[in-house]
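A short worksheet on the structure shown next.
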Amino acid sequence: MVKLPVAHFLWDNRGRFSRRFGRLPGLTAAETLSMLEYQIIPVTPFQQNCTLLWCSETRRAAAVDPGGDLHLIEQAVRDNGVELEKILLTHGHLDHVGGTVELAGRHRLPIEGPHQDDQFWIDMLPQQAQMMGFAASAAFKPQRWLAQGDIVTVGELVLEVRHCPGHTPGHVVFFHPASKLALVGDVLFQGSIGRTDFPRGDHAALVHAIREQLWPLGDDIAFIPGHGPMSTFGHERRTNPFVADKHYG
Ligand SMILES: [Zn+2]
Ligand SMILES: [Zn+2]
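Take a look at the structure:
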């Protein structure tokens, strides 16, 4: 068997990864040439980080957490010359899913995620909208609920699903090993972690999920949080006041 060189990635500030040579062990043949590219699009008054991510080979894209401001998401689709293939959801909070029904309807997109334990949040979307002063948002049922260890695809990209309850019971995280990139929703932020004072929030479960599901992915993993700037797991392990290693002996 031919031993292939390990790929090297360059990562510029528009979020483009470029592979310089070779392939990573574990990539499927179909994935060999595809790279993950993305654009972060803050949406809603909560400036939620909707992420348009796509496969460089097929230019097929997923809208992750389309909370609202669909015109901005559709503009990014046009700007990057990609075609929407599906909607991926991290959890059922309005600022993350509020634009889902409308975007899915306009472009005939399937909805994947979150975990079924967030069904009650999605069922409460009309009440969430009223509480937060958002435009009315209808409840919906995703075509596919996600669970720990599931795989989701975008074009030829393959992302892993981690179930990280605590902020909400059905929160999931998407991880693309080849790009060393995770989309973590409201689980973890630069310098903070998700709120747990909502119905069925669980602080201990959230800390456990971060330490057992995210840290093992590696200190060099960059992550896109649901709000605010990107960071890496290593940086948070050193400095995050809620989950830094020094607080856990
Ligand atoms: Zn949330
Ligand atoms: Zn949020």
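All the letters of the sequence shown, read from the start, carry residue numbers 609 to 857 under my numbering.
Idealized CB from N, CA, C, for every residue including glycine.
If you're wondering where the values come from, they're calculated on a predicted model, not measured in any experiment.
Rounded C-alpha distance that separates residue i from residue j
| i | j | result |
| --- | --- | --- |
| residue 768 | residue 757 | 6 Å |
| residue 806 | residue 716 | 32 Å |
| residue 729 | residue 847 | 32 Å |
| residue 746 | residue 740 | 14 Å |
| residue 683 | residue 855 | 43 Å |
| residue 669 | residue 784 | 14 Å |
| residue 843 | residue 788 | 14 Å |
| residue 764 | residue 642 | 6 Å |
Simplified DSSP assignment, three categories, for residue i
| i | result |
| --- | --- |
| residue 662 | strand |
| residue 667 | coil |
| residue 749 | coil |
| residue 798 | coil |
| residue 813 | helix |
| residue 845 | helix |
| residue 829 | coil |
| residue 650 | strand |
| residue 755 | coil |
| residue 699 | coil |
| residue 717 | coil |
| residue 820 | helix |
| residue 723 | coil |
| residue 762 | strand |
Residue i versus the options, residue with shortest Cα-Cα distance
| i | options | result |
| --- | --- | --- |
| residue 685 | 701, 784, 659 and 753 | 659 |
| residue 838 | 747, 817 and 793 | 793 |
| residue 657 | 643, 680 and 754 | 680 |
| residue 654 | 749, 737, 727 and 691 | 737 |
| residue 823 | 845, 797 and 761 | 845 |
| residue 766 | 790, 748 and 750 | 790 |
| residue 814 | 771, 829, 798 and 827 | 771 |
| residue 742 | 827, 850 and 701 | 701 |
| residue 827 | 818, 841 and 809 | 841 |
| residue 664 | 850, 647 and 748 | 647 |
| residue 645 | 832, 849, 836 and 851 | 832 |
| residue 688 | 694, 671, 698 and 667 | 667 |
| residue 695 | 749, 825 and 803 | 749 |
| residue 820 | 851, 799, 712 and 802 | 851 |
| residue 798 | 817, 780, 835 and 809 | 835 |
Assigned exposure category for residue i - 16 Cβ within 10 Å defines buried
| i | result |
| --- | --- |
| residue 759 | exposed |
| residue 752 | exposed |
| residue 796 | buried |
| residue 853 | exposed |
| residue 812 | exposed |
| Can we say the segment 664 to 683 touches the segment 704 to 718, given the rule of at least three CB pairs closer than 8 Å? | yes
| query | Counting pairs of Cβ atoms below 8 Å between the segment 775 to 782 and the segment 719 to 727, do you hit three or more? | reply | yes
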